[in-house]
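There are 2 protein chains.
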Amino acid sequence: MARQQSVQFAKSCGDCPIRHRAVCANCEADELTILEGLKSYKTFAAGEPIIWAGDHMHHVASVVTGVAAISQTMEDGRRQMVGLLLPSDFMGRPGREAAAFDITAATEVVLCRFERKPFEQLLINSPTIGHRLLQMTLDELDAAREWMLLLGRKTAREKISSLLAIIARREAVLGQDLTPGPMAFDLHITREAMADYLGLTIETVSRQLTALRKDGVIGMEGKRRILIPDFPRLLDEAGDDADGGLVD
Amino acid sequence: MARQQSVQFAKSCGDCPIRHRAVCANCEADELTILEGLKSYKTFAAGEPIIWAGDHMHHVASVVTGVAAISQTMEDGRRQMVGLLLPSDFMGRPGREAAAFDITAATEVVLCRFERKPFEQLLINSPTIGHRLLQMTLDELDAAREWMLLLGRKTAREKISSLLAIIARREAVLGQDLTPGPMAFDLHITREAMADYLGLTIETVSRQLTALRKDGVIGMEGKRRILIPDFPRLLDEAGDDADGGLVD
DNA sequence: CTTTTTTGTTGATCCACATCAACGCCCCGA
DNA sequence: TCGGGGCGTTGATGTGGATCAACAAAAAAG
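Chains as they are written, first to last, in the working numbering: chain A, 275 to 522; chain B, 275 to 522.
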């Protein structure tokens, strides 16, 4: 059994499940060796497709830097984003040959990849990676379910407010900027990506942003920088009860 | 390592992860013993709440019979169903104290429950349960993502058609009724549950059902029994590309 | 530099679905 | 037998967001 100890993750690959195992060299050195040999990094430019639904998946991967978007498109072009992959998030589906969804790089993305077959074998032999993967998948499932409430029942204004609240919270965590005062951040996604995420059109996204600005809920510097003078006010607009812990 | 063999699941508890382990008596008999001692069955009447979001979760459980609905409600009463739990589905979240969502019995439900703490311990010690749980969670995540496309981008008619297609497919699997001809099944859920699931109102659900009936896409006997004369036609109405594999 | 493309904003109009309201049917209890 | 409540249908009307269209600003390309 793996020793319970505080492990310092190495820097290169975030705190992905693979990394975690690779660092525990004292307990399962052979697996470390196997993994190191199979690891490969690959970079995708912003906008570049990473995989299409139905493609054969040769690898599983972990996001090192950047943001990737999981999405689905209907024949007539209607598109819905169904997930965001941030650094340390896992991509791929042990036990499945074909990808279920399209994944594209929203910003420039660096992936840390492993061949799928050996990874699956490793998963069978080692409980720790499996446990970590289970936790991550359960988190994603919870986030997806929160998102279903947003898509099914929230108004356009609530949707926009929710999205801004999520991004603000994430930025706050990243920057340790948990001061209760005003906050500010850059939207690094386009209006189109926001629309695809929220189940809206770009026109509606644009209109609701200006409405929130006119009502003083948010401020804007240029087209991409958002100011939040009163975060609880924004949460209230989002219609979330109290904390509204969306994290995807 | 567990021997790779064809295992016949016992009847009482579906093919839940716990069952799977309990049957492998030859490889891990001690775990079997532990589990048998902790198992308890509980029945909920149709409409009865099973757990509320925020409640402390003393147990994890597996659905033995019946259907349970996972849902979220906003302060003003807007509700969205975010998942269905069918026999053999797992309920609960290893490693989390409080429930994230409301769960209610849609029909009469029998659960096979285990105390959470010992179950978590078991999960750490035994990879097989974890792997099965991971597979189930990944399946649920895929289903949730398909559902996000429905909620975000499909029209009311497409939503209803999708739901009927899902139920029809499930019934076909259960009854081994994979004949290509016409199929029929009972809706055991109310119009309200359908509306909560699809992000619609009950009036719209009702209207779209009559519209589909008038257009010959479906037939109805009474208010609950649905006839599907031409399944591919229904799939086409659902807007799914080709197979449209929603399974939740 | 100019031209073209991408991205975002705003206005006018339309329509799919929500809302409000009335009613029919069935089950159950008095 | 009657009334009442749960469930479902249908009609009339309202409205939030989509659609169609024009344009501004910024970025990229030449």
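All C-beta atoms in this analysis are idealised placements derived from N, C-alpha and C, irrespective of residue type, glycine included.
For the alpha helix (DSSP H) that residue i lies in, which residues bound it at each end?
i: residue 461 (chain B); result: Here residue 461 (chain B) belongs to no alpha helix (DSSP H), and DSSP marks it neither H nor E.
i: residue 419 (chain B); result: 401-427
i: residue 506 (chain B); result: 505-512
Specify, as a first and last residue, the run of the beta strand (DSSP E) that residue i falls within.
i: residue 347 (chain B); result: 342-347
i: residue 499 (chain B); result: 499-502
With a threshold of 8 angstroms between beta-carbons, can residue i be considered close to chain B, or not?
i: residue 439 (chain A); result: no
i: residue 342 (chain A); result: no
i: residue 508 (chain A); result: no
i: residue 411 (chain A); result: yes
i: residue 392 (chain A); result: no
i: residue 360 (chain A); result: no
i: residue 502 (chain A); result: no
i: residue 352 (chain A); result: yes
i: residue 477 (chain A); result: no
i: residue 330 (chain A); result: no
i: residue 383 (chain A); result: no
i: residue 460 (chain A); result: no
i: residue 422 (chain A); result: yes
i: residue 416 (chain A); result: yes
i: residue 427 (chain A); result: yes
i: residue 486 (chain A); result: no
i: residue 496 (chain A); result: no
i: residue 404 (chain A); result: yes
i: residue 436 (chain A); result: no
i: residue 408 (chain A); result: yes
Exposed or buried, which one is residue i when buried takes at least 16 other CB atoms within 10 Å?
i: residue 390 (chain B); result: buried
i: residue 368 (chain A); result: buried
i: residue 456 (chain A); result: exposed
i: residue 395 (chain B); result: exposed
i: residue 488 (chain B); result: exposed
i: residue 433 (chain A); result: buried
i: residue 255 (chain A); result: For chain A, the structure presents residues 275 to 522; residue 255 (chain A) sits outside this window and is missing.
i: residue 499 (chain A); result: exposed
i: residue 402 (chain B); result: buried
i: residue 319 (chain B); result: exposed
i: residue 275 (chain B); result: Caution is warranted here: a pLDDT of 39 is assigned to residue 275 (chain B), below 50, making its placement in the model unreliable, and the coordinate value is therefore given only provisionally. Looking at its Cβ environment, which holds fewer than 16 other Cβ atoms inside 10 Å, residue 275 (chain B) is exposed.
i: residue 405 (chain B); result: buried
i: residue 315 (chain B); result: exposed
i: residue 460 (chain A); result: exposed
i: residue 411 (chain A); result: buried
i: residue 474 (chain B); result: buried
i: residue 467 (chain A); result: buried
i: residue 299 (chain B); result: With a pLDDT of only 36 at residue 299 (chain B), under 50, the local geometry of the prediction cannot be trusted, and no value is derived from it.
i: residue 418 (chain A); result: buried
i: residue 295 (chain A); result: Caution is warranted here: a pLDDT of 41 is assigned to residue 295 (chain A), below 50, making its placement in the model unreliable, and no coordinate value can be reported.
i: residue 350 (chain A); result: exposed
i: residue 513 (chain A); result: buried
i: residue 303 (chain A); result: The predicted position of residue 303 (chain A) is uncertain, since its pLDDT is 44 and thus under 50; no value can be drawn from it.
i: residue 371 (chain B); result: exposed
Check the Cβ-Cβ distances between residue i and every residue of chain A, and say whether any is below 8 angstroms.
i: residue 468 (chain B); result: no
i: residue 419 (chain B); result: yes
i: residue 374 (chain B); result: yes
i: residue 513 (chain B); result: yes
i: residue 523 (chain B); result: Because chain B in this structure spans residues 275 to 522, residue 523 (chain B) falls outside the shown range and cannot be described.
i: residue 395 (chain B); result: no
i: residue 348 (chain B); result: yes
i: residue 401 (chain B); result: yes
i: residue 333 (chain B); result: no
i: residue 337 (chain B); result: no
i: residue 489 (chain B); result: no
i: residue 367 (chain B); result: yes
i: residue 357 (chain B); result: yes
Do the CB positions of residue i and residue j come within less than 8 angstroms of each other?
i: residue 491 (chain B); j: residue 511 (chain B); result: yes
i: residue 341 (chain A); j: residue 381 (chain A); result: yes
i: residue 388 (chain B); j: residue 346 (chain B); result: no
i: residue 427 (chain A); j: residue 352 (chain B); result: yes
i: residue 365 (chain B); j: residue 337 (chain B); result: yes
i: residue 416 (chain A); j: residue 348 (chain B); result: no
i: residue 526 (chain A); j: residue 501 (chain A); result: A query on residue 526 (chain A) cannot be resolved here, the shown segment of chain A reaching from 275 to 522 and no further.
i: residue 425 (chain B); j: residue 436 (chain B); result: no
i: residue 355 (chain B); j: residue 471 (chain B); result: yes
i: residue 407 (chain B); j: residue 407 (chain A); result: no
Inset, instruction - Would you list, in sequence order, the uninterrupted beta strand (DSSP E) runs of no fewer than 3 residues that lie entirely inside the stretch 465-494 of chain B? - result: The qualifying runs do not exist here; there are none.
Inset, instruction - Would you mind listing the alpha helix (DSSP H) stretches within the stretch 307-394 of chain A that are 4+ residues and don't spill past its ends, in chain order? - result: Listed in chain order, nothing qualifies, since the stretch 307-394 of chain A has no complete alpha helix (DSSP H) run of 4 or more residues.
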